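Peer 1: Below is one structure. I have some questions about it.
Number of protein chains: 2
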Amino acid sequence: MTIPSGSGLQGPVGVVGLGLIGGSLGLDLRARGVEVRALVHRQATAERARERGLADVVESDPAVLAGCRLVVLALPLHRLLDPAPELLAALPAEAAITDVGSVKGPVLERWQPLHPRFVASHPMAGTAQAGVEAGVRDLFVDRPWVATPDAATEPEALAQVQALAEALGSRWLSCGAAEHDQAVALISHLPVLVSGALLLGADRGAVAGVAAGAQALPELVRALASSGFADTTRVGGGNPELGTLMARHNQAAVLAALAHYRQALEALEQQVRSNAWPELQAELERCQQLRPEFL
Amino acid sequence: MTIPSGSGLQGPVGVVGLGLIGGSLGLDLRARGVEVRALVHRQATAERARERGLADVVESDPAVLAGCRLVVLALPLHRLLDPAPELLAALPAEAAITDVGSVKGPVLERWQPLHPRFVASHPMAGTAQAGVEAGVRDLFVDRPWVATPDAATEPEALAQVQALAEALGSRWLSCGAAEHDQAVALISHLPVLVSGALLLGADRGAVAGVAAGAQALPELVRALASSGFADTTRVGGGNPELGTLMARHNQAAVLAALAHYRQALEALEQQVRSNAWPELQAELERCQQLRPEFL
């Protein structure tokens, strides 16, 4: 597939950071005949990125971005929210700039004053991998790519980012930054805490069992945990730095999501405690109906 | 593979119920040259079970169990705990009897007075399927099969059940019924409630968002939910009747597990609320370390 003219993807695309998202972007764009110019932090990363062919040009000097018509900031959230002055100075004034951060309110607030053509966006794709080895082809196919424009967002810059997302096979969505952050709190950040607490709670329960005389309990829970426990704890056992960044930069929405979750769990617990079995079964039937709506 | 003589599996094996577990037992035993005699509730089930070859003989008359040296009660928990008088009358006095229930304390208490050679056991294998179509070959391979004998359990009957489990490729484990029930509360029954509450909490949060002016939130959470949400909610979106039976018949251990879980989740929530980011990251690192211990 080549990029149709008029799609907004003519001219080189800049990618800042060649981790999972940046590296995957580079591979997909190059496969579509788009020139990719990448800026990375460390020389060792640059060398490995060149070996992997993640971009046409890879440098640790921000001047590499000169001439780009579109620049994607594929940086971790904490670096995105605290950009280096050299990076800011090197971003072409005429380029559309977008990011890939998983929280949008703080990013929009920080970046809109920094560049007139900034568009906040979030490709919702990932694997468990990170770093320069992580990038893969077709990561974005059939995944949502959410933009959160507001009244100050330039329509032509927004169209350039949409063209990028659609060229890579993403499903393009647009909503307010606050709505995005509430939604990802509920379906992405909350699950990390819910799932992590299951690991901590199971361990805590097993240790308490030993204190109560069930010496074998820690060994037993580890021997008996099966695919259901594996699935439910997968995101909780994931990248701790990422989980912390999400909670930190989406704090209010995550706390609101936790409050809704606690209410739901306490209702189930109350049904177990009060022998309300038909009511518990009705709630679990509601769960069974809800899940396909989300997937 | 054939059954070695002296393994306790000579003579026909009786299977009561031909759902996922009973049907899979029948297929595996027949493939090993063991005669299987099955008792089912309904005539339509008997016909379909014969077509599928789940047993050598399938009847709805309990007399089919005559002559069996080992009988496996592969019944749902509520039927196991309230057995039909005709079934009790038909169980050969000389046969070893075992069950496959996922809770062991109530089963041992109910069945030990009913049959002198009863052995409480729990093959921890499953799929999302149920009913006469669900049985598959090799369901038990490399899965734990837990027995919970006590001082009254007859050693020779226990050895017969162990021979069955090992012939089917299971990993044989033995522990007290109370320990078993605490362990499965933590790693099997708790995850159902934790995971179901995530579906209910996400829906609750989205509905609250609408009330606060975020009209698109219910649609947005459904559009953005990805593999992490899918994994974390899988067991919560499962069989509601089964989830209710587990909670009902393992009530005390499930409530204790919920209390440990709540403490773990509240600690994480407190860290988010109080901006304790290094502490939150340390807890998520602990989660990352814990998970491989369980899997």
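As you go down the protein sequences, you meet chains A and B in turn. Quick note: the first sequence uses this note's numbering, first residue 1, plus one each step. Quick note: the second sequence uses this note's numbering, first residue 1001, plus one each step. Even glycine gets a Cβ: it sits at the ideal position worked out from N, Cα and C. Fair warning: this is a prediction, and the values are worked out from it, not measured in the lab.
1) If you measure from the beta carbon of Met-246 (chain A) to each beta carbon in chain B, is any gap under 8 Å?
2) For Ser-1005 (chain B) and Ala-1095 (chain B), what's the separation of their Cα atoms in angstroms?
3) Would you say His-1260 (chain B) reaches chain A, if we count a Cβ-Cβ gap shorter than 8 Å as a contact?
4) Spell out whether any CB of chain B is found under 8 Å from the CB atom of Met-1 (chain A).
5) Determine the chain A residues that contact Trp-1277 (chain B) at a beta-carbon separation under 7 Å, and present them in chain order.
6) Using the DSSP secondary-structure output, state which residues sit across from Leu-320 (chain A) in a beta bridge.
7) So, for Leu-1077 (chain B): in the same chain, excluding its five sequence neighbours on each side, which residues have a beta-carbon less than 6 Å away from its beta-carbon?
8) Given this structure, state the Cα-to-Cα distance separating Gly-67 (chain A) from Val-57 (chain A), to the nearest angstrom.
9) Might you give, ordered along the chain, the residues of its own chain that have their beta carbon closer than 8 Å to the beta carbon of Thr-1232 (chain B), omitting 5 neighbours on each side?
10) If contact means a Cβ-Cβ distance below 9 Å, which residues of the stretch 1127-1140 of chain B contact chain A?
11) Looking at the strands, I want to know which residues DSSP matches up with Arg-37 (chain A).
12) Considering only C-alpha positions, which residue in the set A:Pro-123, A:Gly-22, A:Leu-290 is nearest to Val-136 (chain A)?
13) Going by the beta-carbon positions, is the gap between Glu-1285 (chain B) and Pro-155 (chain A) smaller than 8 Å?
14) Tell me, please, whether the CB atom of Glu-166 (chain A) is closer than 8 Å to any CB atom in chain B?
15) For a cutoff of 8 Å on Cβ pairs, would you count Cys-175 (chain A) as touching chain B?
16) At a Cβ threshold of 8 Å, is Arg-1234 (chain B) touching chain A?
17) Going along the chain, which residues of the stretch 1169-1198 of chain B sit with their C-beta nearer than 9 Å to a C-beta in chain A?
18) Need the endpoints of the alpha helix (DSSP H) that Leu-29 (chain A) sits in, please.
19) Excluding the five sequence neighbours on either side, which residues of its own chain have a C-beta within less than 6 Å of the C-beta of Leu-1173 (chain B), listed in chain order?
20) In chain B, what lies closer than 8 Å to Leu-65 (chain A) by C-beta?
21) Considering Cα atoms alone, identify which of B:Ala-1167, B:Leu-1080, B:Gly-1105 is closest to Ala-1178 (chain B).
22) Residues of chain B with a CB under 8 Å from the CB of Val-254 (chain A): which are they?
23) Do Gln-1271 (chain B) and Leu-1265 (chain B) have their C-beta atoms within less than 8 Å of each other?
24) Whose C-beta lies closer than 7 Å to the C-beta of Arg-42 (chain A) among residues of the same chain, with five residues either side of it excluded?
25) What does the alpha-carbon distance come out to for the pair Gly-209 (chain A) and Ala-1151 (chain B)?
26) Could you tell me if Ser-188 (chain A) is buried or exposed, where buried requires 16 or more neighbouring beta carbons within 10 angstroms of its beta carbon?
27) Can you name the start and end residues of the beta strand (DSSP E) that His-115 (chain A) belongs to?
28) Could you give the DSSP three-state label for Asp-99 (chain A): helix, strand or coil?
29) Using 8 Å as the limit for Cβ to Cβ distance, is Leu-1217 (chain B) near chain A?
30) I want to see whether chain B comes within less than 8 Å of Val-146 (chain A), judged by CB atoms only; does it?
31) Would a C-beta distance cut-off of 8 Å place Val-1184 (chain B) and Ala-1202 (chain B) closer than the cut-off?
32) Using DSSP with H/G/I as helix, E/B as strand and the rest coil, what is Ser-5 (chain A)?
33) Do we get a CB-CB distance below 8 Å when we pair Ala-1211 (chain B) with the residues of chain A?
34) Given Gln-1129 (chain B), which residues of its chain have a CB within under 7 Å of its CB, disregarding the five upstream and five downstream residues?
35) Below 7 Å on C-beta distance, what does Ala-225 (chain A) contact in chain B?
Peer 2: In this structure, then:
1) Translated into the one-based positions of the first sequence, residue 246 (chain A) becomes position 246. Judged by the 8 Å Cβ criterion, Met-246 (chain A) is not in contact with chain B.
2) The residue labelled residue 1005 (chain B) in the question sits at position 5 within the second sequence. The residue labelled residue 1095 (chain B) in the question sits at position 95 within the second sequence. Summary for Ser-1005 (chain B): the model assigns pLDDT 44, below 50, so the residue's position carries little reliability; its value from the coordinates is reported in the next sentence. If you draw a straight line from the Cα of Ser-1005 (chain B) to the Cα of Ala-1095 (chain B), it comes to about 17 Å.
3) Along the second sequence, one-based indexing puts residue 1260 (chain B) at 260. Chain A places a beta carbon closer than 8 Å to that of His-1260 (chain B), counting this residue as a contact.
4) By one-based count along the first sequence, residue 1 (chain A) stands at place 1. Because Met-1 (chain A) carries a pLDDT of 41, less than 50, the predicted location of this residue cannot be relied on, and no value is offered for it.
5) Counted from its first residue, the second sequence places residue 1277 (chain B) at position 277. The contacting residues are Thr-244, Arg-248.
6) In the structure as shown, chain A starts at 1 and stops at 295, and residue 320 (chain A) therefore has no counterpart that could be examined.
7) Here residue 1077 (chain B) refers to the residue found at position 77 of the second sequence. Cβ within range, chain order: Gly-1101, Leu-1245, His-1249.
8) Locating residue 67 (chain A) in the first sequence gives position 67, counting from the first residue. Locating residue 57 (chain A) in the first sequence gives position 57, counting from the first residue. Rounded to whole angstroms, Gly-67 (chain A) to Val-57 (chain A) spans 13 Å at the Cα level.
9) To locate residue 1232 (chain B), count along the second sequence from 1; it is residue 232. The residues are Ser-1195, Leu-1198.
10) Residues passing the 9 Å Cβ filter: none.
11) For the purposes of this step, residue 37 (chain A) is identified with residue 37 of the first sequence, where counting begins at 1. Residue pairing of Arg-37 (chain A) in beta bridges, as defined by DSSP: A:Gly-14, A:Val-57.
12) Counting from 1 along the first sequence, the entry for residue 136 (chain A) is found at position 136. Selected option, being the one with the closest Cα: A:Gly-22.
13) Counting from 1 along the second sequence, the entry for residue 1285 (chain B) is found at position 285. Counting from 1 along the first sequence, the entry for residue 155 (chain A) is found at position 155. No, Cβ-Cβ distance for Glu-1285 (chain B) and Pro-155 (chain A) is not below 8 Å.
14) In the first sequence, the residue the question calls residue 166 (chain A) occupies position 166. Chain B has no Cβ within less than 8 Å of the Cβ of Glu-166 (chain A).
15) Here residue 175 (chain A) is taken as the residue at index 175 of the first sequence, counted from 1. In terms of beta-carbon proximity, Cys-175 (chain A) lines the interface with chain B, with at least one pair separated by less than 8 Å.
16) In the second sequence, the residue the question calls residue 1234 (chain B) occupies position 234. Arg-1234 (chain B) counts as touching chain A.
17) In summary, the residues of the stretch 1169-1198 of chain B whose CB is separated from some CB of chain A by less than 9 Å are Arg-1171, Leu-1173, Cys-1175, Gly-1176, Ala-1178, Glu-1179, His-1180, Gln-1182, Ala-1183, Val-1184, Ala-1185, Leu-1186, Ile-1187, Ser-1188, Leu-1190, Pro-1191, Val-1192, Leu-1193, Val-1194, Ser-1195, Gly-1196, Ala-1197, Leu-1198, in the order they occur in the chain.
18) Along the first sequence, read from residue 1 onward, the residue named residue 29 (chain A) stands at position 29. Looking at the DSSP string, the run of the alpha helix (DSSP H) that includes Leu-29 (chain A) is 20-31.
19) Start at 1 with the first residue of the second sequence, and residue 1173 (chain B) comes out as number 173. Taken in chain order, the residues that qualify are Pro-1144, Val-1146.
20) Here residue 65 (chain A) corresponds to residue number 65 of the first sequence, with the count starting at 1. Chain B residues near Leu-65 (chain A): none, gap ~30 Å exceeds 8 Å.
21) Here residue 1178 (chain B) refers to the residue found at position 178 of the second sequence. Of the listed residues, the one whose Cα sits closest to Ala-1178 (chain B) is B:Gly-1105.
22) Here residue 254 (chain A) is taken as the residue at index 254 of the first sequence, counted from 1. Simply Val-1272.
23) As a working mapping, residue 1271 (chain B) is identified with position 271 in the second sequence. As a working mapping, residue 1265 (chain B) is identified with position 265 in the second sequence. In terms of Cβ geometry, Gln-1271 (chain B) and Leu-1265 (chain B) do not form a close pair [threshold 8 Å].
24) Position 42 of the first sequence, counted from the first residue, corresponds to residue 42 (chain A). Here the set comprises Ser-60.
25) Stepping through the first sequence from its first residue, residue 209 (chain A) is reached at position 209. Stepping through the second sequence from its first residue, residue 1151 (chain B) is reached at position 151. Rounded to the nearest angstrom, the two C-alpha atoms are 22 Å apart.
26) In the first sequence, counting from the first residue as 1, residue 188 (chain A) sits at position 188. The residue is buried, with at least 16 neighbouring Cβ atoms inside 10 Å.
27) To locate residue 115 (chain A), count along the first sequence from 1; it is residue 115. Unbroken run through His-115 (chain A): none, as it is neither H nor E.
28) Position 99 of the first sequence, counted from the start, is the residue given in the question as residue 99 (chain A). Three-state DSSP puts Asp-99 (chain A) in a strand.
29) Start at 1 with the first residue of the second sequence, and residue 1217 (chain B) comes out as number 217. Yes, its Cβ sits closer than 8 Å to a Cβ of chain A.
30) Residue 146 (chain A) sits at position 146 when you count from the first residue of the first sequence. Yes, its Cβ sits closer than 8 Å to a Cβ of chain B.
31) To locate residue 1184 (chain B), count along the second sequence from 1; it is residue 184. To locate residue 1202 (chain B), count along the second sequence from 1; it is residue 202. In this structure, Ala-1202 (chain B) does not lie closer than 8 Å to Val-1184 (chain B) by Cβ.
32) Indexing the first sequence from 1 puts residue 5 (chain A) at position 5. For Ser-5 (chain A), the predicted model reports a pLDDT of 44, less than 50, meaning its position is unreliable; a value from the coordinates is still stated below. Correct three-state label for Ser-5 (chain A): coil.
33) Stepping through the second sequence from its first residue, residue 1211 (chain B) is reached at position 211. The beta-carbon of Ala-1211 (chain B) is placed no less than 8 Å from the nearest beta-carbon of chain A.
34) Position 129 of the second sequence, counted from the start, is the residue given in the question as residue 1129 (chain B). Here Gln-1129 (chain B) has Leu-1020 as same chain residues with Cβ atoms under 7 Å from its own Cβ, once five neighbours each way along the sequence are excluded.
35) Within the first sequence, numbered from 1, the residue matching residue 225 (chain A) stands at position 225. Close partners of Ala-225 (chain A) in chain B (Cβ separation under 7 Å): Ile-1187, Phe-1294, Leu-1295.
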